[in-house]
DNA sequence: ACCTGAACACCGTTCAAGT
DNA sequence: ACCTGAACACCGTTCAAGT
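Protein chains in written order, with this note's numbering: chain A, 32 to 222; chain B, 32 to 222.
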């Protein structure tokens, strides 16, 4: 079988969802494609590069909001981002790792920067964007870890459902960060 | 050589600082102690448990603030936490990972919860604590990654020093989150 | 352009046996 | 109580050679 880069990324995302990040090895992906693991290195310099391409693929599949004023849009982008991270097994950990490593996952940064720029937030913008992303990634990784632990049966549903790491909790936390951005914008106005 | 659990944790933290998390293998730690890797499994069920003990050790070494009203104290705790994470090579990644995995690193949660409780913040408390921690861990991991990339010479200092991921940026981001907590506390008062 | 086959230099973990 | 020695079942990556 002969593949192109795009096909390998698609298959890798599929394998991620099926087996999880820990079991997504170059050897396993090779088997999944009916190819030797070494063949993958014709398409990707190393595993990190492949993971970055997977993160970008997952992010590009989301339908990002474009309507609303800057505050509504920033909030909507964060909600869509969270949903997209939770839509794939270990999606939050994958995207957060790639972002931290600085090799990809830049789409949310661009979208949020554009939204906040319309808010004439000035020098606060980059810090505000990073603060939003730290919240979204941190919360999504937390939530996904606990959802998967519960699904594995290690923790029973009754014990975990009450600790608030759910959609309401996400909305509340997001509200805290956005309210904080508004306050700091008022304190040190743009320019 | 015969060791007790405490001595192994201390040596492991030392090895972390010297070689980094990626090179802290059970085999390498065994060598460092003059012991077979399998000997470590007499003291720790697995590597995750050892990493959790290391995270707790790093956190317990900090001198945590106890003075001031709830807001000042919450802010001071976050500043001390950040400093402590940056004080050890890969300290931020280690503690963030252990915390996400749910096997330790609970001290900051307890300290922040206690501080916010004095603020009579009610049902918002747990969400506020998690939002603060997502910010601190996310920011510290980011900063440490970039500091170490710069130290490795991959990026020159001039290019990185201007991107704002420094102490001022941390203070600004922390200001956003704390201001947000104040606002949301006012909106939905305790109880 | 894309893949095979074989190797290199590693991992975490288990377990019987030793002192 | 703590450690050794040997094994098991893996990793990511490289590289000459094939088509």
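Glycine residues also receive a C-beta, built at the ideal position from the N, C-alpha and C atoms.
Can you find a C-beta in chain B that's less than 8 angstroms from the C-beta of residue i?
i: residue 159 of chain A; result: yes
i: residue 108 of chain A; result: no
i: residue 208 of chain A; result: yes
i: residue 51 of chain A; result: no
i: residue 211 of chain A; result: yes
i: residue 80 of chain A; result: no
i: residue 87 of chain A; result: no
i: residue 176 of chain A; result: yes
i: residue 135 of chain A; result: no
Determine, using beta carbons only, whether residue i comes closer than 8 angstroms to chain A.
i: residue 126 of chain B; result: no
i: residue 215 of chain B; result: yes
i: residue 103 of chain B; result: no
i: residue 111 of chain B; result: no
i: residue 197 of chain B; result: no
i: residue 118 of chain B; result: no
i: residue 131 of chain B; result: yes
i: residue 204 of chain B; result: yes
i: residue 200 of chain B; result: yes
I need the straight-line Cα distance from residue i to residue j, nearest angstrom please.
i: residue 70 of chain B; j: residue 136 of chain B; result: 25 angstroms
i: residue 207 of chain B; j: residue 147 of chain A; result: 14 angstroms
i: residue 213 of chain A; j: residue 166 of chain A; result: 16 angstroms
i: residue 198 of chain A; j: residue 204 of chain A; result: 10 angstroms
i: residue 126 of chain A; j: residue 109 of chain A; result: 14 angstroms
i: residue 82 of chain A; j: residue 211 of chain B; result: 34 angstroms
i: residue 32 of chain B; j: residue 77 of chain B; result: 21 angstroms
i: residue 114 of chain B; j: residue 94 of chain B; result: 11 angstroms
i: residue 44 of chain A; j: residue 119 of chain A; result: 8 angstroms
i: residue 50 of chain B; j: residue 177 of chain B; result: 17 angstroms
i: residue 105 of chain B; j: residue 139 of chain B; result: 10 angstroms
i: residue 124 of chain A; j: residue 153 of chain B; result: 31 angstroms
i: residue 181 of chain B; j: residue 174 of chain B; result: 10 angstroms
i: residue 215 of chain B; j: residue 201 of chain A; result: 14 angstroms
i: residue 67 of chain B; j: residue 84 of chain A; result: 39 angstroms
i: residue 92 of chain B; j: residue 107 of chain B; result: 16 angstroms
i: residue 39 of chain A; j: residue 74 of chain A; result: 9 angstroms
i: residue 133 of chain B; j: residue 168 of chain B; result: 14 angstroms
i: residue 63 of chain B; j: residue 41 of chain B; result: 12 angstroms
i: residue 47 of chain B; j: residue 103 of chain A; result: 43 angstroms
i: residue 143 of chain A; j: residue 37 of chain B; result: 46 angstroms
i: residue 121 of chain B; j: residue 111 of chain B; result: 16 angstroms
i: residue 130 of chain B; j: residue 80 of chain B; result: 12 angstroms
i: residue 218 of chain B; j: residue 155 of chain B; result: 11 angstroms
i: residue 183 of chain A; j: residue 52 of chain A; result: 15 angstroms
i: residue 116 of chain A; j: residue 128 of chain B; result: 18 angstroms
i: residue 141 of chain A; j: residue 172 of chain A; result: 21 angstroms
i: residue 151 of chain B; j: residue 158 of chain A; result: 29 angstroms
May I ask you to list, following chain order, the residues of the stretch 140-174 of chain B that have a beta carbon less than 8 angstroms from some beta carbon of chain A? For the stretch 140-174 of chain B, the set of residues with a beta-carbon nearer than 8 angstroms to any beta-carbon of chain A comprises 155, 157, 158, 159, 161, 162, 164, 165, 166, 168, 169, 170, 172, 173, in chain order.
Is it a yes or a no for the stretch 90-102 of chain B touching the stretch 50-58 of chain B, going by three-plus beta-carbon pairs under 8 angstroms? They do not touch, by the three-pair rule.
Would you check if there are 3 or more beta carbon pairs closer than 8 angstroms linking the stretch 77-93 of chain A to the stretch 160-175 of chain A? Contact check between the stretch 77-93 of chain A and the stretch 160-175 of chain A: fewer than three CB pairs, one atom from each, fall below 8 angstroms, which does not count as touching.
Any chance you could list the alpha helix (DSSP H) runs of at least 4 consecutive residues sitting entirely within the stretch 105-191 of chain A, in chain order? You should have 122-132, 138-149, 156-182.
Ignoring anything shorter than 4 residues or poking outside the stretch 40-98 of chain B, list the alpha helix (DSSP H) runs there in chain order. Runs of the alpha helix (DSSP H) inside the stretch 40-98 of chain B: 57-64, 78-91.
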